[in-house]
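Each step along the sequence shown adds one to the number in numbering that gives the first Met the number 0, with nothing skipped, and position 457 is 456.
Input: a single structure, listed below in structure tokens.
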Amino acid sequence: MTARARYITSAALTLCLAMSGARAQEKFQTTDSPPPAKYQKMEAPPPPPPPVLNQASGVRLSEPADHSKFEALKGPFADSAAVTKACATCHTDAEAHIKKTIHWTWNYVNPRTGQHLGKENVINNFCTNAKDNEGMCGVCHIGNGVKPGEEYAFNKQTSVDCLVCHDRTGKYYRLPPTRGNSACAAMFEGRDPINFTEVAQHVGLPGRENCGTCHFNGGGGDGVKHGDLDSSLIRPSKALDVHMSEQGQNFACSECHLSQHHEIAGSRYDMIAKDEGGTGKPGLRRDVATCESCHGATPHPKPSLIGYQLDAHAQRLACQTCHVPKMARGGVATITDWDWSTAGKLYNGAGYYEEEYTQGNGEKRHTYWSIKGDFKWGENLVPTYKWFNGEMIYTLADTKIGDKKAVTPINEPQGGWMDPKSRIWPFKEMHTNVPYDAGNKTLVFNHLWGADKTAFWGNFNIKKAIAAGMEIEHRPFSGEIGFLKTVSNWPITHMVAPKEDAVKCGECHAQKSRLANVPGVYMPGHTRFPWMDFLGLAGVGLTLAGVAVHGGLRIALTKKHKEDA
Numbered sequence: 000m001t002a003r004a005r006y007i008t009s010a011a012l013t014l015c016l017a018m019s020g021a022r023a024q025e026k027f028q029t030t031d032s033p034p035p036a037k038y039q040k041m042e043a044p045p046p047p048p049p050p051v052l053n054q055a056s057g058v059r060l061s062e063p064a065d066h067s068k069f070e071a072l073k074g075p076f077a078d079s080a081a082v083t084k085a086c087a088t089c090h091t092d093a094e095a096h097i098k099k100t101i102h103w104t105w106n107y108v109n110p111r112t113g114q115h116l117g118k119e120n121v122i123n124n125f126c127t128n129a130k131d132n133e134g135m136c137g138v139c140h141i142g143n144g145v146k147p148g149e150e151y152a153f154n155k156q157t158s159v160d161c162l163v164c165h166d167r168t169g170k171y172y173r174l175p176p177t178r179g180n181s182a183c184a185a186m187f188e189g190r191d192p193i194n195f196t197e198v199a200q201h202v203g204l205p206g207r208e209n210c211g212t213c214h215f216n217g218g219g220g221d222g223v224k225h226g227d228l229d230s231s232l233i234r235p236s237k238a239l240d241v242h243m244s245e246q247g248q249n250f251a252c253s254e255c256h257l258s259q260h261h262e263i264a265g266s267r268y269d270m271i272a273k274d275e276g277g278t279g280k281p282g283l284r285r286d287v288a289t290c291e292s293c294h295g296a297t298p299h300p301k302p303s304l305i306g307y308q309l310d311a312h313a314q315r316l317a318c319q320t321c322h323v324p325k326m327a328r329g330g331v332a333t334i335t336d337w338d339w340s341t342a343g344k345l346y347n348g349a350g351y352y353e354e355e356y357t358q359g360n361g362e363k364r365h366t367y368w369s370i371k372g373d374f375k376w377g378e379n380l381v382p383t384y385k386w387f388n389g390e391m392i393y394t395l396a397d398t399k400i401g402d403k404k405a406v407t408p409i410n411e412p413q414g415g416w417m418d419p420k421s422r423i424w425p426f427k428e429m430h431t432n433v434p435y436d437a438g439n440k441t442l443v444f445n446h447l448w449g450a451d452k453t454a455f456w457g458n459f460n461i462k463k464a465i466a467a468g469m470e471i472e473h474r475p476f477s478g479e480i481g482f483l484k485t486v487s488n489w490p491i492t493h494m495v496a497p498k499e500d501a502v503k504c505g506e507c508h509a510q511k512s513r514l515a516n517v518p519g520v521y522m523p524g525h526t527r528f529p530w531m532d533f534l535g536l537a538g539v540g541l542t543l544a545g546v547a548v549h550g551g552l553r554i555a556l557t558k559k560h561k562e563d564a
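Take a look at the structure:
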């Protein structure tokens, strides 16, 4: 893992490691030999490398201003809230805009499905739920001002943290806004204090590092959640991502995820699976983050028979299906399986972890962790392909779990071959054995973070943690805990390979096709229907017979004509 990767994962991981590793370290202090590596106390991460310069960042008329010259930013500043107050002297409407966005509210009502989504509502199959664990998740939330026992002060002035997105020094970091287990004091040991004046004077348009601090670490660590988002995209090779590479286009995230009043396009809660709007005119569209909004709906070179054929394919295949051949291919692994039923094991009365997977960049990853259970990792994985029309149906806290499905989908892609809005998309499937209320047949809110005695990341008692989480949420809990096999589906849309590395025709049009498990697809070279094969062979046979008869008659008639002459 690079220095930068260790830096950006520390916010999501170090606190948990400190809880188990630091406590276990205390158990070994009286032994003659040093503790095993898996019980070593976490060292402070190294300082991050400088941010990548000159990233292309959306549509703008000029370069950002030199903020070191602004009187309002001369400082000194005691904290990020004081910086935000100074920012607001020029950016008078920015905070009001941000507070209307899903980045701030964590709340979204899908207009197509009517479901209430966002981190305030959904239960995932990674760390289970952000709700009630805001102290841990607040390391990424863009808010200031929360105090222990309070929720975010959504309407408080200067409560938006400008620096988490706009810092271009690489020296800014966020602290958990509430207390966790006492061992979490180790979370930022060795960190240099933040010079808020220096950071405030060196702000700019967000780069990959800013977005990646949270989005590369979704689900609890570098590359854990998505499969196509991890720290390798900070400085990717051109072979890894032709858009983000410094040898390619050097795109910042905001070059595709354009914004309007801080509302950023491309939310996974309301995706466009088949964009028929194209590039739009005049200028780039700011309401979507689709391939078509830059490349158009018919991007392949013409006049060319192959170009026309590929454009025809694009009517039913997402661009990513061909142009993202594999996921997690930058040297950082992604989790494919997670088993919460094994969490809570102790060694000498304390939590512990095991690292038995070494990823491509040489770094080891946890394969067991007392606070989370067992993990399986993968790299260079071929995605799973499914029909998708942009809609997802979520299993929410009030959804009754049926017995008909062996695996419960946390979010299920909608669409099919009969749906004209559907295309075949690549997905990462995340399989997790999660705790649930076996009596009421519902998912549960798990109280993981906190300094109290009911938080699982401290007491290792899953029943007590769930009972506390459900009580906080005022939801019924039968007291009967089971474990449920689940799957979540994550659309793959980053790590776009150069065109010469795109999926080759023979990878689909073959007996062992990438699309073999996609229903409603007929592919020459793969799909076999005996009756169609019979008709095809019969047609070829009849054609050859017709040619032979026709040729024979022509020869015979020509010979007769010569004899008559």
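Just so you know, even glycine gets a beta-carbon here, dropped at the ideal spot from N, CA and C.
Closest Cα partner of residue i within the set the options
i, options, result
"V121", "P110, W105, R111, M135", "W105"
"I263", "K404, R285, S158, S230", "R285"
"G350", "S369, P408, K498, A332", "S369"
"E479", "H261, F374, M469", "M469"
"F215", "G279, A332, V287", "A332"
"G343", "F69, K404, G295, K462", "K462"
"I141", "G377, V159, D500", "V159"
"K385", "G372, N360, E354, S421", "S421"
"A288", "D269, I193, H549", "D269"
"A396", "G372, G57, V51, H115", "H115"
"K170", "P50, N143, L552", "P50"
"I271", "M391, S477, A405", "M391"
"K427", "W376, H525, G519, P419", "W376"
"P567", "G137, A544, I465", "Lying outside 0 to 564, the shown extent of the chain, residue 567 is not represented and no answer is given."
"D402", "H549, T441, Q319", "T441"
"R167", "C89, R178, G134, D65", "D65"
"N132", "D451, Y352, C210", "D451"
"T394", "K68, T112, C89, V548", "T112"
"G524", "T83, C504, L543", "C504"
"T526", "S230, S258, L514", "L514"
"F528", "G277, G57, Q510", "Q510"
For residue j and residue i, believed in contact at Cβ under 8 Å, the rounded distance
i, j, result
"W448", "N124", "Contact flag wrong, Cβ pair sits at about 18 Å."
"L232", "R207", "6 Å"
"M522", "H508", "5 Å"
"T127", "N445", "4 Å"
"G222", "K237", "Not quite, the Cβ-Cβ distance comes to about 20 Å (not below 8 Å), so this is no contact."
"L239", "G329", "5 Å"
"P324", "D500", "6 Å"
"V502", "I423", "Their Cβ separation, rounded to whole angstroms, is 12 Å, which puts V502 and I423 out of contact at 8 Å."
Proximity of residue i and residue j at Cβ, strictly below 9 Å
i, j, result
"L204", "S253", "yes"
"A327", "L380", "yes"
"A251", "A55", "yes"
"G226", "P382", "yes"
"L228", "G219", "no"
"K130", "M429", "no"
"T357", "V486", "no"
"W456", "N180", "yes"
"H473", "H260", "no"
"C139", "C213", "yes"
"F374", "I334", "yes"
"T431", "K484", "yes"
"G339", "F482", "The question names Gly, but residue 339 in the sequence shown is Trp. Cβ distance < 9 Å, so W339 and F482 count as in contact."
"Y107", "S266", "yes"
"A93", "T157", "no"
"E354", "H365", "yes"
"S303", "F195", "no"
"R178", "G134", "yes"
Neighbour flag for residue i against chain D, beta carbons, 9 Å
i, result
"G217", "The chain inventory of the structure shown lacks chain D, comprising one protein chain alone."
Bridge partner(s) assigned by DSSP for residue i
i, result
"V108", "H115"
"M429", "S487"
"R364", "Y356"
"N410", "Y393"
"V159", "G142"
"L232", "In the DSSP output, where bridge partners are listed per residue, L232 has none listed."
"A55", "F250"
"E262", "Q259"
"M326", "L380"
"I480", "D436"
Segment contact flag, the region 194 to 213 with the region 67 to 75, C-beta cutoff 8 Å, min 3 pairs: Yes, since at least three Cβ pairs between the region 194 to 213 and the region 67 to 75 fall closer than 8 Å, the two stretches touch.
Stretch pair the region 90 to 102 + the region 436 to 443: three plus CB contacts closer than 8 Å: Verdict: no, contact absent.
contact_flag[the region 411 to 431, the region 477 to 496] where n(CB pairs < 8 Å) is 3 or more: Here the region 411 to 431 lies against the region 477 to 496, with 3 or more beta-carbon pairs under 8 Å apart.
The region 289 to 307 contacting the region 451 to 462, beta-carbon criterion three pairs below 8 Å: With the cut-off at 8 Å, the region 289 to 307 and the region 451 to 462 do not touch.
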